[in-house]
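Chains as they are written, first to last, in the numbering used here: chain A, 1 to 360; chain B, 1 to 360. We put the beta carbon where it would ideally sit given N, CA and C, even for glycine. Below: the structure, in structure tokens.
2 protein chains.
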Amino acid sequence: MRFDDSNRNAMSRGRRSDMPTGVATIVDVAREADVSTATVSRVLNGTSGVSADRAGRVRDAAERLGYVPCGSARALRRQQATVWAAIVPDIANPFFTALVRGIEDVARVRNHRLVLCNSDEDLEREASYLDIVIAERMAGVVIAVASNRDSSLAPLVERGVPTVAVDRRPAGSRLDSVVVDNRSGAAEAVTHLIASGCRRIACISGPRRVSTSTERLDGYRDALVAHGFPVDRALVRRADFKEDGGYRATRSLFESGAPPDALFIANNPMAVGALRALRELDLAVPRDVALVAFDDSPWTTLTTPELTVVAQPAYEIGRVAAELLATSSDARPARTIVLSPTLVVRASSTRTPVESRRRA
Amino acid sequence: MRFDDSNRNAMSRGRRSDMPTGVATIVDVAREADVSTATVSRVLNGTSGVSADRAGRVRDAAERLGYVPCGSARALRRQQATVWAAIVPDIANPFFTALVRGIEDVARVRNHRLVLCNSDEDLEREASYLDIVIAERMAGVVIAVASNRDSSLAPLVERGVPTVAVDRRPAGSRLDSVVVDNRSGAAEAVTHLIASGCRRIACISGPRRVSTSTERLDGYRDALVAHGFPVDRALVRRADFKEDGGYRATRSLFESGAPPDALFIANNPMAVGALRALRELDLAVPRDVALVAFDDSPWTTLTTPELTVVAQPAYEIGRVAAELLATSSDARPARTIVLSPTLVVRASSTRTPVESRRRA
DNA sequence: GTGAAAGCGCTAACAC
DNA sequence: GTGTTAGCGCTTTCAC
Chain A
1 MRFDDSNRNA MSRGRRSDMP TGVATIVDVA READVSTATV SRVLNGTSGV SADRAGRVRD
61 AAERLGYVPC GSARALRRQQ ATVWAAIVPD IANPFFTALV RGIEDVARVR NHRLVLCNSD
121 EDLEREASYL DIVIAERMAG VVIAVASNRD SSLAPLVERG VPTVAVDRRP AGSRLDSVVV
181 DNRSGAAEAV THLIASGCRR IACISGPRRV STSTERLDGY RDALVAHGFP VDRALVRRAD
241 FKEDGGYRAT RSLFESGAPP DALFIANNPM AVGALRALRE LDLAVPRDVA LVAFDDSPWT
301 TLTTPELTVV AQPAYEIGRV AAELLATSSD ARPARTIVLS PTLVVRASST RTPVESRRRA
Chain B
1 MRFDDSNRNA MSRGRRSDMP TGVATIVDVA READVSTATV SRVLNGTSGV SADRAGRVRD
61 AAERLGYVPC GSARALRRQQ ATVWAAIVPD IANPFFTALV RGIEDVARVR NHRLVLCNSD
121 EDLEREASYL DIVIAERMAG VVIAVASNRD SSLAPLVERG VPTVAVDRRP AGSRLDSVVV
181 DNRSGAAEAV THLIASGCRR IACISGPRRV STSTERLDGY RDALVAHGFP VDRALVRRAD
241 FKEDGGYRAT RSLFESGAPP DALFIANNPM AVGALRALRE LDLAVPRDVA LVAFDDSPWT
301 TLTTPELTVV AQPAYEIGRV AAELLATSSD ARPARTIVLS PTLVVRASST RTPVESRRRA
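Given below as structure tokens:
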């Protein structure tokens, strides 16, 4: 079949006129500009070596027909898409949205499209998105894994898909990654609670399968041990990093015989749940319970009292990860970049001596 | 070139063994299973008419090679991808994340992929995402437009891309859409403020180009007029639907000669900014200023006082929109589905008579 | 039931 | 500079 005997284009170009009604292809543009498809391709891809006259005609024709090159055909031919994927476990968590903004901004500058995928902390959904990444031959992935162990990044690595891990560090894979020093951040938070006079500090951490959970819990223990406090298993809860998990963990802590006088909560959504529980239990912060949570967010200064948090440089994590992605190559060895969190002390954790010790 | 003289596959299959190291194609699977590519395709697409024996061999081979069909090639051939796009103006706004969750859940059931795009209320970014939708020949779009007028959905419509508008209603296009009754919701909120004894009710709305801004402002005016209040232009601000805009509008309202005694704020991020401003100005809610905001979110019950809001059924909007998208066809006429918002009265707007009228 | 082969829209050799 | 042409990997007639 030759271009000129194709009747496809009669259809794709509307009934009577030259108005682009269907989908214009490169062939339509070529015919409209009276050049070859190669020339069209060259003009539209900025390849040099086309006369100004013809280039102008091509651009006009493309404009007139509302031509948008077909991404699939292009990707198929080039064996490479320009799309990046960001896979995060919770799109409603401000930490991850800020992180995504960081990726986005780099992607735009680098001329990459970014699509966002929400794994919802679910391995199956994550796997299905990883399949898409492979199927669409995407140009790169930034991922906060749903699990350090089971997240099967292996297929990506095997196929040489540039991949950067953020926030959570997948076990055993030699990948570029950008994380924060969770352990120190947590230790600093708990040390601060100790300094505020808290004695029974509870920790609500996340699921075992996620590195940040474990590291933040380790930091909590470090601080207790460093100050000669016992590490009481009854004061530790593993929740799911979601609001309801934080709520239930908090209730369970206070419904036990010996309630805590402080809460260290390992992420933002769980802090929302915890605060809800404390309201219901009619417990005042910081008088009855002091509180420090991981991750800052827009609303943490709107509560009464304002929340003390371990703030992560979320936007920066995303930005750095995307830069790493943009410059990734088999040549250079995998890098792990560790950024530092910052303890932001506000009213929820500062207790005057006279106020404390209400409960033994 | 025939299949068997292709040396591409030698490369794509690793150095020595059958281990899938590069990217396996349908040809690899066909060879491995000793069938034709047509048969592989039939098996993997569930087309009937393949013997159990061969089907089994194909599945085994695909499994063994870690074969993932190439989305571009498939889309190119089928002239249709299965991907849906959701384009929203602010990914950090809980309203939109909830809405996206609604879309996601339907997409999964309907076997569509969903990618998320953040237009950031920016027409240029929105346009660039619309280009992608066209370039990738996506199967459908749910969009909350950045502007009713200028959002150029026309290319989508011309090309017959199934499109559903949510939250904001694009002017003049005959599209399926799912919105809430903003005007009534706003009127109800303002009526409630009036009933609480507020006299100088200010409104912080969004940009002119967005329908929700105008509708919520109209509702505000409706309520004032209905109760014989003057509509004072000095009490109306147009901000940008973002936190800083809410902050600045609030400061400007209170730095004017005659400050309001109540604030009606047209979305959630601006409410964050407003609350921040009120804190700085040392104004107490609801004593000095009563407050009602559009959109509920996880933190609205964590502030002191809790926030009175006009809650939208965000998840439901997304769900309905996606159902509309799934069942869209040229055959049926465009539908507009209007859902109802709910006024949730909390402490930020309820003022005891004795407390009010501090300022004339 | 099964395979051969055409061709989706594009880019990149390769010819001229 | 410009055009011709061979496929990228897949689905889908069309023959058998």
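Roughly how many whole angstroms lie between the Cα atoms of A:R357 and A:V285? Here residue 357 of chain A refers to the residue found at position 357 of the first sequence. Here residue 285 of chain A refers to the residue found at position 285 of the first sequence. With a pLDDT of 41 at A:R357, under the threshold of 50, the modelled position of this residue cannot be trusted, and the question is left open.
C-alpha gap between B:L263 and A:D296, whole angstroms: Here the question's residue 263 of chain B lines up with position 263 in the second sequence. Here the question's residue 296 of chain A lines up with position 296 in the first sequence. Cα-Cα distance, rounded: 26 Å.
Coil, strand or helix - B:T82 by DSSP: In the second sequence, the residue the question calls residue 82 of chain B occupies position 82. Of the three classes helix, strand and coil, the one that applies to B:T82 here is coil, per DSSP.
Are the region 330–350 of chain B and the region 208–222 of chain B touching, with three or more C-beta to C-beta distances below 8 Å? no
May I have the straight-line CA-CA distance separating B:F254 from A:R209, to the nearest angstrom? Here residue 254 of chain B corresponds to residue number 254 of the second sequence, with the count starting at 1. Here residue 209 of chain A corresponds to residue number 209 of the first sequence, with the count starting at 1. Rounded to whole angstroms, B:F254 to A:R209 spans 50 Å at the Cα level.
Could you give the distance in angstroms between the alpha-carbon of B:R201 and the alpha-carbon of B:V289? For the purposes of this step, residue 201 of chain B is identified with residue 201 of the second sequence, where counting begins at 1. For the purposes of this step, residue 289 of chain B is identified with residue 289 of the second sequence, where counting begins at 1. Strictly speaking, residue 201 of chain B in this sequence is Ile, with Arg absent from that position. So the two alpha carbons sit approximately 9 Å from each other.
Between A:N148 and chain B, is there a C-beta pair that is closer than 9 Å? Residue 148 of chain A sits at position 148 when you count from the first residue of the first sequence. Not one chain B Cβ lies under 9 Å of A:N148.
What residue range does the alpha helix (DSSP H) around B:F264 cover? One-based indexing of the second sequence puts residue 264 of chain B at position 264. Careful: B:F264 lies outside any alpha helix (DSSP H), inside the beta strand (DSSP E) at A262 to I265.
Helix, strand or coil for A:L281, going by three-state DSSP, please let me know. Numbered from 1 along the first sequence, position 281 holds the residue referred to as residue 281 of chain A. Note: A:L281 maps to coil in three-state DSSP.
With B:A92 and B:H112 assumed to form a contact (beta carbons below 8 Å), what rounded beta-carbon distance in angstroms separates them? Residue 92 of chain B sits at position 92 when you count from the first residue of the second sequence. Residue 112 of chain B sits at position 112 when you count from the first residue of the second sequence. B:A92 to B:H112, Cβ: 25 Å. No contact.
Which residue wins for smallest C-alpha separation from B:R237, given the options B:S252, B:P269, B:I204 and B:V50? As a working note, residue 237 of chain B is residue 237 in the second sequence. Checked all of B:S252, B:P269, B:I204 and B:V50; the closest Cα to B:R237 is B:I204.
Quick one: residues in its chain with C-beta nearer than 8 Å to the C-beta of A:D181, no 5 flanking neighbours on either side, listed in chain order? Residue numbering aside, residue 181 of chain A sits at position 181 when the first sequence is read from its first letter. Once the five neighbours on either side are set aside, the close Cβ partners of A:D181 are V338, L339, S340 and P341.
To the nearest angstrom, how far is the alpha carbon of B:A239 from that of B:A249? Your numbering for residue 239 of chain B matches position 239 in the second sequence. Your numbering for residue 249 of chain B matches position 249 in the second sequence. Going from the Cα of B:A239 to the Cα of B:A249 covers about 7 Å.
Cβ of A:T21 less than 9 Å from any chain B Cβ? As a working mapping, residue 21 of chain A is identified with position 21 in the first sequence. Confidence in A:T21 is poor, its pLDDT being 45 and thus under 50, which makes the residue's placement unreliable; the coordinate value appears in the next sentence. Cβ-Cβ to chain B under 9 Å: yes for A:T21.
Near B:A360, which residues of its chain fall below 7 Å by C-beta distance, leaving aside the five closest residues on each side in sequence? To locate residue 360 of chain B, count along the second sequence from 1; it is residue 360. Confidence is the limiting factor: at B:A360 the pLDDT is only 34, short of 50, which leaves the residue's position unreliable and the question unanswerable from this model.
Going by DSSP, what residues sit across from A:I143 in a beta bridge? For the purposes of this step, residue 143 of chain A is taken as the residue at position 143 of the first sequence. Paired residue(s): A:I87 and A:A165.
If you check the beta carbons only, do B:R174 and B:A321 fall under 9 Å apart? Looking up residue 174 of chain B in the second sequence gives position 174. Looking up residue 321 of chain B in the second sequence gives position 321. Result no, Cβ atoms of B:R174 and B:A321 do not sit closer than 9 Å.
Run through the DSSP bridge pairs and tell me what A:C117 is partnered with. As a first step, residue 117 of chain A is located in the first sequence; it is residue number 117 there, counting from the start. Bridge partners of A:C117: A:I87.
Tell me, please, whether the CB atom of A:L156 is closer than 9 Å to any CB atom in chain B? Residue mapping note: residue 156 of chain A aligns to position 156 of the first sequence, counting from 1. It does not: the Cβ of A:L156 has no partner Cβ on chain B nearer than 9 Å.
In chain order, which beta strand (DSSP E) runs of at least 3 residues are fully inside the region 171–198 of chain A? Counting only runs that start and end inside the region 171–198 of chain A, the beta strand (DSSP E) elements of at least 3 residues fall at 176–180.
Could you pull out every unbroken alpha helix (DSSP H) segment of at least 4 residues lying fully inside the region 282–327 of chain A, listed in chain order? Taking only runs of at least 4 residues, the alpha helix (DSSP H) segments lying wholly in the region 282–327 of chain A are 314–326.
Taking the C-alpha atoms as reference points, what is the distance between A:R287 and A:A189? Residue 287 of chain A sits at position 287 when you count from the first residue of the first sequence. Residue 189 of chain A sits at position 189 when you count from the first residue of the first sequence. The C-alpha of A:R287 lies about 18 Å from the C-alpha of A:A189.
Is there contact here, the region 28–35 of chain B with the region 55–71 of chain B, by at least three beta-carbon pairs under 8 Å? The region 28–35 of chain B vs the region 55–71 of chain B: in contact.
Which chain B residues are close to A:L384, counting only those with a beta carbon under 7 Å from its beta carbon? The structure shown does not extend to residue 384 of chain A, since chain A is modelled only from 1 through 360, so no value can be given for it.
Below 9 Å between beta carbons: does that hold for B:L99 and B:I317? The residue given as residue 99 of chain B occupies position 99 in the second sequence. The residue given as residue 317 of chain B occupies position 317 in the second sequence. In contact: B:L99 and B:I317 (Cβ atoms closer than 9 Å).
Under 9 Å between C-beta atoms, does B:C117 make it to chain A? Taking the second sequence and counting its residues from 1, the one referred to as residue 117 of chain B is at position 117. Yes - at least one Cβ of chain A is within 9 Å of the one on B:C117.
Taking A:L324 as the reference, give the member of A:T336, A:N268 and A:F241 with the closest Cα. Locating residue 324 of chain A in the first sequence gives position 324, where the first residue counts as 1. If we check each option's Cα against that of A:L324, A:T336 comes out closest.
Report back the beta-carbon spacing between B:S177 and B:R183 to the nearest angstrom; my notes put them in contact at under 8 Å. Here residue 177 of chain B is taken as the residue at index 177 of the second sequence, counted from 1. Here residue 183 of chain B is taken as the residue at index 183 of the second sequence, counted from 1. About 15 Å separates the two Cβ atoms, so there is no contact after all.
Compare the C-alpha of A:L278 against each of A:T304, A:G228 and A:P298 and name the closest. As a first step, residue 278 of chain A is located in the first sequence; it is residue number 278 there, counting from the start. It is A:T304.
Taking 8 Å as the cut-off, is the CB of B:L44 close to at least one heavy atom of the ligand PLP? No copy of the ligand PLP appears in this structure; indeed no ligand is present at all.
With 9 Å as the C-beta to C-beta threshold (strictly closer), list the residues of the region 111–142 of chain B near chain A in chain order. R113, L114, V115, L116, C117, N118, D120, R125, S128, Y129, D131, I132, I134, A135, E136 and R137
Could you tell me whether any Cβ in chain A is nearer than 9 Å to the Cβ of B:G71? Stepping through the second sequence from its first residue, residue 71 of chain B is reached at position 71. It does; some Cβ of chain A falls within 9 Å.
Can you name, in chain order, every residue of its own chain whose Cβ lies under 6 Å from the Cβ of B:A55, other than the five neighbours on each side? Taking the first residue of the second sequence as position 1, residue 55 of chain B is located at position 55. The answer, listed in chain order, is V43.
Taking 8 Å as the limit between beta carbons, can you name the residues of its chain near B:Y129, skipping five residues before and five after? Translated into the one-based positions of the second sequence, residue 129 of chain B becomes position 129. Result list for B:Y129: A85, I87, C117 and S119, in chain order.
So is B:V109 buried or exposed if we call it buried at 16+ other beta carbons inside 10 Å? If you number the second sequence from 1, residue 109 of chain B lands on position 109. B:V109 is exposed by the Cβ-count criterion.
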